[in-house]
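K.L.:
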Amino acid sequence: METPRTKRTLFLLIVSLSTLHVLSLSSFTPVDNHLIDCGSTVDSIIDNRRFIPDSSPSNSPSTLAISLIDRNPSPNSPQIYHTARVFESPSQYEFKLRDSGTHMVRLHFERLKDSKFDFSHAQFHVLVNGYVVLSHFSGDTDYDMVDPIIKEYLIWVDCEKLVITFVPTKRSKFAFVNAIEVISAPKDLIADTAQYLIGDKVEDFNGVTKQALEIVYRINVGGPKVTPFNDTLWRTWVPDNVFLKSSNGSHHVYSSGQIKYQMGGASREVCPDNVYNTARVITSENASIPHVNLTWEFPVMLGYKYLVRMHFCDIASISIGLLYFNVYINGNLAYKDLDLSYVTSYMLASPFYADFVADGDCSRVLRVSVGPSSKSMAYAVDGILNGMEVMKMNNTMGSLDGELRAELVMKSWPKGNIGILVPLIAGVLMLVSISLVMRRRMVGLKDSVAWSKLPTDIPEVHLKHTDQQLPVKM
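Residues -24 to -1, 1 to 450 in mature numbering (1 follows the signal peptide of the UniProt record, and there is no 0) are what the sequence shown lists, from first letter to last.
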């Protein structure tokens, strides 16, 4: 009889073999691959990837910034979190690009224990090519309940550069960042059309690739955490246990077999083997079909649309043509009688993904379910899911975090410095007064009552100080 310990050992063995199989395959090589260790002066190697310091002219921020080093980093903390770059005024990184299209942008944040700066005073906005991706962000670990915080975005770029701008919310605050990744994505990563759920209706949603997307959740259903080392695009997939709300009548399965990627279908860059090799399934053990659904719940924000990508791979059926099930989002039928055999050209263990767009409603919870359909069969698998991604789409303000437009963020930074401006104006007025006195003396007593105009040729450099602002490279 197979014991729980035996099952666990077998499961870990299969996962390890899958990892070795993935590592033996050629990895994706991006055209643009900028990996920056902010505040550092030496290279850092993380997951076999080299992060270079931002101290060189080609990678440095646009304005004077402060480099911080954590003298007592946490044990086993990756090297990129041992340093940070701090900005007390608006500053930006500009990355030259050779490839157009979707780019992956990852921002790494971890507060350092440095006596020079109190990180409770960190509060800032972040812009990426005109999109507001973070607003009033502090880098507090309570924000995401994880440490460090990694924010990941997919940004469409059709020019030769990508600009990331950090703007403190006010002069008493500052911005910071530990590391930055800017990587050109595979051309098949984001499909341009998804299915938009409006109540019980399903319509085409076009133009997905041109949307700014924030990856909010990425889960490995029924399997362990997948780290960047085991993903061809260096992504992290977390276990689904925290989000799973209803699992009655289900169990997880795993396979040591080869995942059969097909031309034109899901690729290894879309989703790795280690996700497609595990799943949660609903099965009928007798002649009756179980009336249960697998349901996951995700906290979301009101006022945004969400791209929900569901990954399927039939690693559980004993034959083709036996698996039919329904997909629900927020209680609405999103896909009726999904036949994985049909959509994968009648091949088991061949991956397939489906993209849906749903609105974040008043409940602030996104619910995703799979369950048996009217075509489900007895003594067969009646529902399956291998992985899922939930991505926030930019709102009408061009923002992924709040209602501020990028131009308003830049205008919110205080212009000029009153402490400098007032004495400057006083100095100009004093020079004018002295000039008037000297002129009167030269004219003589007989002309002492004649009116003299104020000089109109004040040097332009003085006039500009009345509208002085910190240099910000836009």
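The beta-carbon is built from N, C-alpha and C at its ideal position, and this holds for glycine as well. Treat the numbers as computed from the prediction; the structure is a model and nothing was measured.
So, are the CB atoms of residue 156 and residue 83 less than 8 Å apart?
P.N.:
Contact: yes.
K.L.:
Per DSSP, what kind of secondary structure is residue 204 in: helix, strand or coil?
P.N.:
It is helical.
K.L.:
Among 59, 55, 33 and 28, which one has its Cα closest to the Cα of residue 43?
P.N.:
The option with the nearest alpha carbon to residue 43 is 59.
K.L.:
If you check the beta carbons only, do residue 361 and residue 292 fall under 8 Å apart?
P.N.:
Cβ distance not < 8 Å, so residue 361 and residue 292 don't count as in contact.
K.L.:
Within 10 Å of its beta-carbon, does residue 269 have 16 or more other beta-carbons around it, so buried, or fewer, so exposed?
P.N.:
By the 10 Å Cβ count, residue 269 comes out buried.
K.L.:
Between the stretch 260 to 274 and the stretch 345 to 352, are three or more C-beta pairs nearer than 8 Å?
P.N.:
The stretch 260 to 274, when compared against the stretch 345 to 352, does touch it at the 8 Å Cβ threshold.
K.L.:
In the structure shown, what three-state DSSP assignment does residue 382 receive?
P.N.:
In this structure, residue 382 counts as helix in the three-state DSSP scheme.
K.L.:
Quick check for students: name the residue ranges of the beta strand (DSSP E) that lie wholly in the stretch 156 to 219, counting only runs of 3 or more.
P.N.:
Those beta strand (DSSP E) runs which fall completely within the stretch 156 to 219 and span 3+ residues are 169 to 174, 177 to 182 and 189 to 196.
K.L.:
In three-state DSSP terms, what is residue 110?
P.N.:
In this structure, residue 110 counts as strand in the three-state DSSP scheme.
K.L.:
Please classify residue 161: is it buried, with 16 or more other beta-carbons within 10 angstroms of its beta-carbon, or exposed?
P.N.:
Flag for residue 161 reads buried.
K.L.:
Assuming the contact rule is C-beta atoms closer than 8 Å, residue 376 and residue 190 should be a hit. Round their C-beta distance to whole Å, please.
P.N.:
Their Cβ separation, rounded to whole angstroms, is 5 Å, which keeps residue 376 and residue 190 in contact under 8 Å.
K.L.:
For the 8 Å Cβ check, are there 3 or more pairs between the stretch 323 to 342 and the stretch 279 to 296?
P.N.:
Cβ pair count under 8 Å is three or more, so yes.
K.L.:
Rank 262, 236, 152 and 207 by C-alpha distance to the C-alpha of residue 96 and give the top, closest one.
P.N.:
Per the Cα distances, 152.
K.L.:
Flag this pair as touching only if the stretch 47 to 63 and the stretch 15 to 32 have three or more C-beta atom pairs under 8 Å; answer yes or no.
P.N.:
Yes, since at least three Cβ pairs between the stretch 47 to 63 and the stretch 15 to 32 fall closer than 8 Å, the two stretches touch.
K.L.:
How far does the alpha helix (DSSP H) with residue 250 in it reach, from first residue to last?
P.N.:
Looking at the DSSP string, the run of the alpha helix (DSSP H) that includes residue 250 is 249 to 252.
K.L.:
Name the DSSP beta bridge partners of residue 347, please?
P.N.:
Answer is 302, bridged to residue 347.
K.L.:
Report all residues from its chain with a CB closer than 7 Å to the CB of residue 185; omit the five preceding and five following residues, and keep chain order.
P.N.:
These residues qualify, in order along the chain: 78, 132, 166 and 168.
K.L.:
CB-CB under 6 Å to residue 180, same chain, minus the five flanking residues each way: which ones, in chain order?
P.N.:
For residue 180, where only same-chain residues beyond five positions count, the Cβ hits under 6 Å are 169.
K.L.:
Between residue 352 and residue 258, what straight-line distance do the alpha-carbon atoms span, to the nearest angstrom?
P.N.:
Cα-Cα distance, rounded: 11 Å.
K.L.:
For residue 212, which residues in the same chain have their Cβ closer than 8 Å to its Cβ, ignoring the five residues on either side in sequence?
P.N.:
So the list reads 126, 194, 201, 202, 203 and 204, once near-sequence residues are dropped.
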